[in-house]
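As you go down the protein sequences, you meet chains A and B in turn. The numbering of the first sequence is my numbering, which starts it at 1 and goes up by one. The numbering of the second sequence is my numbering, which starts it at 1001 and goes up by one. We put the CB at the ideal spot given by N, CA and C, even for glycine. Owing to the predicted nature of the structure, the values given are computational and were not obtained by experimental measurement. Remarks on the structure that follows.
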Amino acid sequence: DTAVSQTPKYLVTQMGNDKSIKCEQNLGHDTMYWYKQDSKKFLKIMFSYNNKELIINETVPNRFSPKSPDKAHLNLHINSLELGDSAVYFCASSQDWSRGRQGYGYTFGSGTRLTVV
Amino acid sequence: DAKTTQPNSMESNEEEPVHLPCNHSTISGTDYIHWYRQLPSQGPEYVIHGLTSNVNNRMASLAIAEDRKSSTLILHRATLRDAAVYYCILRNNAGNMLTFGGGTRLMVKP
Chain A
1 DTAVSQTPKY
11 LVTQMGNDKS
21 IKCEQNLGHD
31 TMYWYKQDSK
41 KFLKIMFSYN
51 NKELIINETV
61 PNRFSPKSPD
71 KAHLNLHINS
81 LELGDSAVYF
91 CASSQDWSRG
101 RQGYGYTFGS
111 GTRLTVV
Chain B
1001 DAKTTQPNSM
1011 ESNEEEPVHL
1021 PCNHSTISGT
1031 DYIHWYRQLP
1041 SQGPEYVIHG
1051 LTSNVNNRMA
1061 SLAIAEDRKS
1071 STLILHRATL
1081 RDAAVYYCIL
1091 RNNAGNMLTF
1101 GGGTRLMVKP
């Protein structure tokens, strides 16, 4: 069983479209994240959700809207896609940091390569 | 989270040990030292973490300096499959983010 699964793996779309990327984890983790890795390979945190509540939003444009229907899912919806949104998006999960579990690791999905043309 | 400094790239020969250094001179007492690696076309993968004492697991060893201002990830016998970008990250209980720097690109020669 895949611990953190993302769909789709590849997404090619035109500018101006709206698209969603889905993420599910079966690890029983309380916290989920979205990261963006651009063409220069830097990984940047976008959002963090703890028990379905948003706890971090790292100055991401309003066109990006995460949605967490339950603590095992964190989906990313992107409106009005732009060329600069082309990147690889990674979902991740971890144990609840607020319980002092900062020593525990993150588990990442295999990524969604988004190409906006 | 406090900042870490790593070499941009390193080379190793297959089946030889590899020592990947990381400097974190501004580390605080509650910062854990985490190492992740990212294989080509994959998501980052947890490798190891520690606080003060050296740590060993099936993937690697982590040697932490006595003053905790530096650490070294040790791969005991590099294989071609160990070619990846290795990230050294500090994580404390004041924030939730795992913040990635540039990492070290490890190249393994046959």
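- Interface flag for A/Tyr106 against chain B is set, since a Cβ pair is found closer than 8 Å.
- Collapsing the DSSP output to three states places B/Arg1081 in a helix.
- The criterion of a C-beta distance shorter than 8 Å is satisfied by A/Tyr89 and A/Ile21.
- Sequence-distant partners of A/Asn17 (beyond 5 residues in either direction) whose C-beta falls short of 7 Å from its own C-beta, in its chain, are Leu81.
- With contact defined as three or more Cβ pairs closer than 8 Å, the stretch 1086-1106 of chain B and the stretch 1029-1036 of chain B are in contact.
- Per DSSP, the continuous beta strand (DSSP E) segment holding B/Asn1023 begins and ends at Val1018 to Asn1023.
- Leaving aside the five residues that flank A/Lys36 on each side, the residues in its chain whose CB is nearer than 7 Å to its CB run, in chain order, Lys44, Met46, Ala87 and Tyr89.
- Within the stretch 1079-1092 of chain B, those residues whose Cβ lies closer than 9 Å to any Cβ of chain A are, in chain order, Val1085, Tyr1087, Arg1091 and Asn1092.
- Residue pairing by DSSP places B/Gly1050 opposite B/Ile1033 in a beta bridge.
- Separation of B/Glu1066 and B/Thr1052 (C-alpha to C-alpha, rounded to the nearest whole angstrom) is 8 Å.
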